[in-house]
Amino acid sequence: MKIAVASGKGGTGKTMVAANLAFTLSRTCQVTLVDCDVEEPNLHLFFPSPVTVTDVNIAVPVIDEKTCDRCGMCGEFCQYGALTVLRDRVLFFPELCHSCGGCTLVCPKNAIHEVPKRIGAVTFATVLPHLNLITGYLDAGNPHAVPVIRAAKKMAENDNLVICDASPGTSCPVVETLENCDACILVTESTPFGRHDLALAVDVTERLGIPAGVVINRSDGQDQETLDFCANHDLDVMITIPFDRRIAAIQSKGDLLCRVRPEWQKTFCSLFDKCRTLAGGD
Ligand code: SF4
Ligand code: SF4
Numbered sequence: 005m006k007i008a009v010a011s012g013k014g015g016t017g018k019t020m021v022a023a024n025l026a027f028t029l030s031r032t033c034q035v036t037l038v039d040c041d042v043e044e045p046n047l048h049l050f051f052p053s054p055v056t057v058t059d060v061n062i063a064v065p066v067i068d069e070k071t072c073d074r075c076g077m078c079g080e081f082c083q084y085g086a087l088t089v090l091r092d093r094v095l096f097f098p099e100l101c102h103s104c105g106g107c108t109l110v111c112p113k114n115a116i117h118e119v120p121k122r123i124g125a126v127t128f129a130t131v132l133p134h135l136n137l138i139t140g141y142l143d144a145g146n147p148h149a150v151p152v153i154r155a156a157k158k159m160a161e162n163d164n165l166v167i168c169d170a171s172p173g174t175s176c177p178v179v180e181t182l183e184n185c186d187a188c189i190l191v192t193e194s195t196p197f198g199r200h201d202l203a204l205a206v207d208v209t210e211r212l213g214i215p216a217g218v219v220i221n222r223s224d225g226q227d228q229e230t231l232d233f234c235a236n237h238d239l240d241v242m243i244t245i246p247f248d249r250r251i252a253a254i255q256s257k258g259d260l261l262c263r264v265r266p267e268w269q270k271t272f273c274s275l276f277d278k279c280r281t282l283a284g285g286d
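Each residue of the sequence shown is one higher than the last, beginning at 5 in the working numbering.
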């Protein structure tokens, strides 16, 4: 079973929910936690451990100017504007290249070959006896988050219980994280901004056909508008976490709510049970 944890906006406590869920479940079964927030991964802060590192590369074209006759076919083919054929040379813009390989195939002169280019890395760590953490890291300034997320998820593809922490927002990296997940936990807070961005996130899960439920975090008890929104969209509010200085203090020390206050494990077990129901398991 694969569960995604997402949120329409940053700062809702999505990573905290993913970490506590994984920690709690790992006490009774094997769990893999995948940090897909590759531009700013921070799950490792909850689980400091030695890691093994694997580079993530994409293939980018190299043009042999001696063989190329500037026919223009590669430039016409590239839908991303990564190739511009001039009279005397071909310009390549690597930050625009999506590594589709098409230019190599269409070149009638076989003047293009591909070379690997590093865009990031994936690390693996066994952080608890039954919990593995896989983390994707996008190299600074690189725009290609999706292949790094794909590589991180691939490392967990044979695992039975996988929890993927998505980046905030609703852009391509979030869609890639949600792809092939059985259920999605949408973490929100009961503010107008929270509801606005929750609506965007719900739209994404609906379009992808992924069953979703909601966690309200930092609740001050004034949740009625969020509850109404969820009722109108057939979304189960799976758990509510109160606004509580003691919880904030635990997190600010980089610790886990369910480790410091084990009574919370019951709540996160019920969150998992509701994910299983969402996914059609029970
Ligand atoms: S398709 Fe090949 S030959 Fe034509 S411009 Fe591109 S690299 Fe040169
Ligand atoms: S590999 Fe694809 S995206 Fe990259 S330059 Fe070639 S055609 Fe464009």
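The beta-carbon is built from N, C-alpha and C at its ideal position, and this holds for glycine as well. What you are looking at is a predicted structure, and each value in this text was computed from that prediction instead of being measured.
Answer yes or no: do residue i and residue j have a C-beta to C-beta separation smaller than 8 Å?
| i | j | result |
| --- | --- | --- |
| A107 | C82 | Ala is not the amino acid found at residue 107; the sequence shown has Cys there. Yes, the pair counts as a contact, with Cβ atoms nearer than the cut-off. |
| L47 | L37 | yes |
| V152 | C101 | no |
| Q228 | M20 | no |
| D39 | T139 | yes |
| S171 | E69 | no |
| I288 | A129 | Only positions 5 to 286 of the chain appear in the structure, and residue 288 is not among them; the question remains open. |
| L190 | L182 | no |
| N162 | K121 | no |
| V89 | C78 | yes |
| C33 | L142 | no |
| V126 | A149 | no |
| F233 | R199 | yes |
| N221 | E193 | yes |
| A8 | C262 | no |
Less than 7 Å separating the Cβ of residue i from some heavy atom of ligand 3?
| i | result |
| --- | --- |
| H148 | Looking at this structure, you won't find ligand 3 anywhere; what it does contain is ligand 1 and ligand 2. |
In the structure shown, what three-state DSSP assignment does residue i receive?
| i | result |
| --- | --- |
| D248 | coil |
| C262 | helix |
| L37 | strand |
| P120 | strand |
| I243 | strand |
| D59 | strand |
| L49 | helix |
| A86 | coil |
| R222 | strand |
| I254 | helix |
| P112 | coil |
Mind checking residue i: buried by the 16 CB within 10 Å criterion, or exposed?
| i | result |
| --- | --- |
| V219 | buried |
| A23 | buried |
| V35 | buried |
| P147 | exposed |
| D238 | exposed |
| K1 | The shown model of the chain, from 5 to 286, leaves out residue 1, and the question about it has no answer. |
| G225 | exposed |
| P177 | buried |
| A216 | buried |
| A86 | buried |
| L109 | exposed |
| P45 | buried |
| L260 | buried |
| E314 | Residue 314 lies beyond the residue range present for the chain, which begins at 5 and ends at 286; the question has no answer from this structure. |
Under the DSSP definition of a beta bridge, which residues are partnered with residue i?
| i | result |
| --- | --- |
| C168 | A8, V38 |
| Y141 | A125 |
| T130 | N136 |
| I189 | V9, G217 |
| L95 | T88 |
| I67 | I116 |
*asked:* Using 8 Å as the cut-off, can you tell me whether the segment 10-30 makes contact with the segment 202-216, which would need three or more C-beta pairs spanning the two stretches below that distance?
replied: yes
Do the segment 185-204 and the segment 267-274 touch if we need at least three Cβ pairs shorter than 8 Å? no
**Study point:** Cβ contact check for the segment 22-30 and the segment 53-60: 3 or more pairs under 8 Å
**Key:** no
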